Each structure stands twice: as C-alpha cells, then as structure tokens.
Amino acid sequence: MVLPGEPKTRVEVGPRRAGAEHQEAVLRRDDDLPALLSEVASDRRPLLNAKGGLSARHTHQIEQFLKENFSRKLSLAEMAAVCDLSPYHFVRAFSKTFGVSPYQSVLLLRLDFAEKLLTDSRMSITDIADLSGFSSQSHFTTMMRKYRQVTPQQVRTRRRSRSGN
C-alpha cells in the first residue's frame, strides 16, 4: 500500500544531492530493488504457523509494504493499518510472526540495503544513509555500530581490500 503522493520505491532527495552520479545511483536502485529486497528478505522469513501471529495474508501484505516503503518514515499506526489491526495487536502479532519488532524489522531492512550500497556503489555515506531511510549519517553510523559492530567506512574499506581497488 503506497499512500497518495508517496514514491513507491524511489526516495526523493533534495537539491544538495543532484549530481549525475547520484541520479544514476537512484535509477540503478529502482532497477535493482526487487532483487536486493528478495535477497534481504530471504534471511527474514516469517515463522510459519506462529500461534497468535499474523495470518498468511497479513504476513504477505506487511512484507510487501515494508519492502516498498522501508526507506521512508513509517509510523506504527500506518503499518498496523496495512493489516487492519490496532497498533497494540499488530506489534504483538508481528513480533510473534517475525521474531523481531516492526521497528527492528524496518531497521534491519535499512541496514541490509545500506550495506549493499556501501559494497556495490561509490556513493557517499551521507547519500547512502539518506537513501536507506536514516535521519542522518550519524544515526546510520550509530545503528551500524550497534547492530553490525562495524562502521560504514569499515564496510567500504573491507570491500576495497577484497576487490583490490
């Protein structure tokens, strides 16, 4: 479900990021997004038949919604509305189904996407943070350290040392 006026997969960025390389990366992101999200989501398959969890239909709906919208600010009420549940019931059912909270799930999707951009592009870390849905480069770096025990620059440095660039 995409709200009117909201981009489906493209993240609108301000004039400070209007360079040709950035524009090309945004277009590539749109082309590569389905494959990337499929790869990322395969590690986060729901626990099937979790008593008290989301139905198969709701599981599919929320997975699709998060894949299409993870890079923008999402409210709990908005996510719950996708499944026609109250926010309270949605959090309980989502957590039971996926093993993590909705917030953690969105955060992990953002981190996976950002890590892929760090290894596959030459975009700046600030642009990657922005495209991945983080409020700032600082927030992105903090979350990478907390959940991956590595900084964005360390991810990029490892990529270069492995590829010989």
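Here the sequence shown is numbered in the working numbering, starting from 35 and rising by one per residue. Where is the CB? At the ideal position from N, CA and C, for every residue including glycine. In this text the structure is predicted, and so the values were computed from the model without any measurement.
Reduced DSSP category for residue i - H, G, I as helix; E, B as strand; rest coil
i	result
residue 176	helix
residue 98	helix
residue 195	helix
residue 184	coil
Within 8 angstroms, strictly: CB atoms of residue i and residue j
i	j	result
residue 135	residue 125	yes
residue 165	residue 105	yes
residue 174	residue 163	yes
Opening and closing residue of the alpha helix (DSSP H) in which residue i lies
i	result
residue 140	136-154
residue 166	159-166
residue 129	121-132
residue 108	Unbroken run through residue 108: none, as it is neither H nor E.
Inter-residue CB distance, residue i and residue j (contact presumed, cutoff 8 angstroms)
i	j	result
residue 131	residue 88	5 angstroms
Between the CA atoms of residue j and residue i - distance to the nearest angstrom
i	j	result
residue 187	residue 144	16 angstroms
residue 191	residue 94	37 angstroms
residue 123	residue 180	28 angstroms
residue 85	residue 140	23 angstroms
residue 200	residue 171	The displayed coordinates of the chain run from 35 to 199. Any statement about residue 200 would go beyond what the structure contains.
residue 193	residue 154	9 angstroms
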